[in-house]
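Visitor:
Numbering (the working numbering), first residue to last: 206 to 538.
1) Near residue 446, what residues of its chain come up, given a Cβ to Cβ distance below 8 Å and the 5 sequence neighbours on each side ignored?
2) Check whether chain C comes within 7 Å of residue 297, counting only Cβ atoms and requiring the distance to be less than that.
3) For the alpha helix (DSSP H) that contains residue 325, what are its first and last residues?
4) How close, in whole Å, do the beta carbons of residue 367 and residue 394 come, if the pair is a contact with beta carbons under 8 Å?
5) In terms of alpha-carbon separation, which member of 238, 463 and 229 lies closest to residue 211?
6) Taking the alpha carbon of residue 230 as the reference point, which residue from 251, 254, 241 and 265 has its own alpha carbon closest?
7) Which value, in whole angstroms, describes the spacing of the CA atoms of residue 483 and residue 433?
8) Going by DSSP, what residue range makes up the alpha helix (DSSP H) through residue 517?
9) Do three or more CB pairs link the region 309-319 to the region 276-287 at distances below 8 Å?
10) Could you tell me whether the region 445-464 touches the region 475-495, where touching means 3 or more Cβ pairs closer than 8 Å?
11) DSSP three-state call for residue 354: helix, strand or coil?
12) Which residues does DSSP list as the beta-bridge partners of residue 385?
13) What is the DSSP secondary structure of residue 458, reduced to helix, strand or coil?
14) Which same chain residues, not among the five before or five after residue 478, have their C-beta less than 6 Å away from its C-beta?
15) List the whole-angstrom C-beta distance separating residue 336 from residue 355, where the pair is believed to meet the contact cut-off of C-beta under 8 Å.
16) In terms of residue numbering, what span does the beta strand (DSSP E) encompassing residue 500 cover?
17) Go ahead and pull the three-state DSSP assignment for residue 405.
18) Taking DSSP's pairing of strands, which residues face residue 366 in a bridge?
19) Could you name the residues of the same chain whose beta carbon sits closer than 6 Å to that of residue 374, not counting the 5 residues immediately before and after it, in chain order?
20) Taking only runs of the alpha helix (DSSP H) that begin and end inside the region 260-320, which ones reach a length of at least 4 residues, in chain order?
21) Pick helix, strand or coil for residue 238, following the three-state DSSP scheme.
22) In three-state DSSP terms, what is residue 410?
23) If we call anything under 7 Å between Cβ atoms a contact, is residue 216 one with residue 227?
24) Is it buried or exposed for residue 316, if we count other Cβ within 10 angstroms and need 16 for buried?
25) Nearest to residue 380 by CA position, among 428, 358, 305 and 330, is which residue?
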């Protein structure tokens with residue numbers, strides 16, 4: 206194994222996230238090393254390797270069953286994943302350009318993992334953590350070259366969901382961020398960048414929605430089935446056609462302002478009070494599309510063409526959901 210050409214990409218930690226990342230890169234044609242840093246007996250290592258290989262092949266066969274890939278491609282894709290036990294890890298880490306740390310979500314486990322990465326990875330390697338809960342600013346101090354470090358948070362299943370969230374600390378080299386984005390884009394991912402803030406973007410937004418859904422069930426406001434119908438074909442369909450901030454501008458920041466005021470008074474000021482930025486934008490007359498400026502600047506934009514584009518996106522989602530109906534042939538009495 207040591208004499209083979211080592212992959213440029215390494216996923217450290219052979220659990221669910223590491224396996225998903227491995228599929229994503231292998232699917233895009235890249236060889237990737239799935240590295241286990243824990244010393245194990247031959248029997249335990251063979252068991253872990255077999256388990257990881259079975260899950261990766263099973264996931265690919267699942268894609269094949271849905272027509273996403275040909276059955277004949279499953280084996281070739283799976284073979285691009287190289288399984289590496291702890292004793293062989295130094296050579297693979299030393300050859301890596303991009304490393305994804307995906308060990309358990311404890312500072313102790315992260316500290317141990319980065320101690321080994323610091324020891325074996327080259328000075329030019331980009332080191333990342335896939336953590337969903339620990340801030341990049343907390344982890345940067347564990348890295349020998351913090352300017353080459355950032356968090357890269359994947360959304361499950363990692364090989365299906367295109368968005369990958371990149372979180373930088375103040376010392377992250379902009380060139381490193383640009384290179385990480387380019388490597389992800391090259392495998393068909395859509396990187397989005399955020400600061401060192403708890404919850405990144407997607408988990409922070411979805412936690413609010415999920416908690417409010419559970420609260421509505423608790424209050425008896427609606428059943429789980431009705432909430433899911435409303436979110437799949439109302440909330441979700443609209444936000445699949447428009448981004449959340451784009452949606453604010455499209456309807457008007459004043460609409461959000463008034464809705465927040467009413468629900469803050471009737472439900473909970475802690476949950477529904479509008480943030481200061483919304484109050485400020487309304488007072489300044491920056492209401493969005495209808496005033497030419499909001500979170501986005503619409504100066505010089507063909508508003509009619511933009512509205513048509515939004516309608517096209519929405520109709521596309523309706524047709525995809527099988528909910529678009531043609532007009533009636535005759536009047537209904």
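Note that CB positions come from ideal geometry on N, CA and C, so glycine has one too.
Guide: Let me lay it out:
1) Your numbering for residue 446 matches position 241 in the chain shown. Around residue 446: 515, 518, 519, 521 and 522.
2) Of the protein chains in the structure, only one exists, and it is not chain C.
3) Indexing the chain shown from 1 puts residue 325 at position 120. Membership of residue 325 in the alpha helix (DSSP H) is indicated by the continuous run 312-325.
4) If you number the chain shown from 1, residue 367 lands on position 162. If you number the chain shown from 1, residue 394 lands on position 189. Between residue 394 and residue 367 the Cβ distance is about 6 Å, and since that is below 8 Å, they are a contact.
5) In the chain shown, residue 211 corresponds to position 6, counting from 1. Checking every option, the nearest Cα to that of residue 211 belongs to 238.
6) Taking the chain shown and counting its residues from 1, one reaches residue 230 at position 25. The candidate whose alpha carbon is nearest that of residue 230 is 265.
7) Position 278 of the chain shown, counted from the first residue, corresponds to residue 483. Position 228 of the chain shown, counted from the first residue, corresponds to residue 433. Rounded to the nearest angstrom, the two C-alpha atoms are 29 Å apart.
8) Counting from 1 along the chain shown, the entry for residue 517 is found at position 312. Per DSSP, residue 517 is one residue of the alpha helix (DSSP H) stretching across 508-525.
9) The region 309-319 makes no contact with the region 276-287: fewer than 3 CB pairs, one atom from each, lie closer than 8 Å.
10) Touching, yes.
11) The count along the chain shown starts at 1 and reaches residue 354 at position 149. In the structure shown, residue 354 falls within a strand segment according to DSSP collapsed to helix, strand and coil.
12) By one-based count along the chain shown, residue 385 stands at place 180. Residue pairing of residue 385 in beta bridges, as defined by DSSP: absent, with no partner found.
13) Taking the first residue of the chain shown as 1, we reach residue 458 at position 253. Annotated three-state conformation of residue 458 is helix, per DSSP.
14) Numbered from 1 along the chain shown, position 273 holds the residue referred to as residue 478. Non-local beta-carbon contacts of residue 478 in its own chain, meaning distances under 6 Å to residues more than five positions away in sequence, involve 469 in chain order.
15) What you label residue 336 is simply residue 131 of the chain shown in a count that begins at 1. What you label residue 355 is simply residue 150 of the chain shown in a count that begins at 1. Incorrect: roughly 11 Å between the Cβ atoms, too far for contact.
16) Taking the first residue of the chain shown as 1, we reach residue 500 at position 295. Careful: residue 500 lies outside any beta strand (DSSP E) and carries neither H nor E.
17) Counted from its first residue, the chain shown places residue 405 at position 200. Look at residue 405 here: in three-state DSSP terms it is coil, with no helix or strand label.
18) Sequence index remark: in the chain shown, residue 366 carries index 161 (1-based). Paired residues: none, contrary to the question.
19) Taking the chain shown and counting its residues from 1, one reaches residue 374 at position 169. Residues of the same chain with a CB within less than 6 Å of the CB of residue 374, apart from the 5 flanking positions on each side, are 341, 342, 345 and 401 in chain order.
20) Within the region 260-320, the complete alpha helix (DSSP H) runs of at least 4 residues are 276-283 and 294-299.
21) If you number the chain shown from 1, residue 238 lands on position 33. Taken through DSSP and simplified to helix, strand or coil, residue 238 comes out as strand.
22) For the purposes of this step, residue 410 is identified with residue 205 of the chain shown, where counting begins at 1. Residue 410: helix per DSSP, three-state reduction.
23) Residue 216 sits at position 11 when you count from the first residue of the chain shown. Residue 227 sits at position 22 when you count from the first residue of the chain shown. Contact: yes.
24) Looking up residue 316 in the chain shown gives position 111. Burial call: exposed.
25) As a working mapping, residue 380 is identified with position 175 in the chain shown. Checked all of 428, 358, 305 and 330; the closest Cα to residue 380 is 330.
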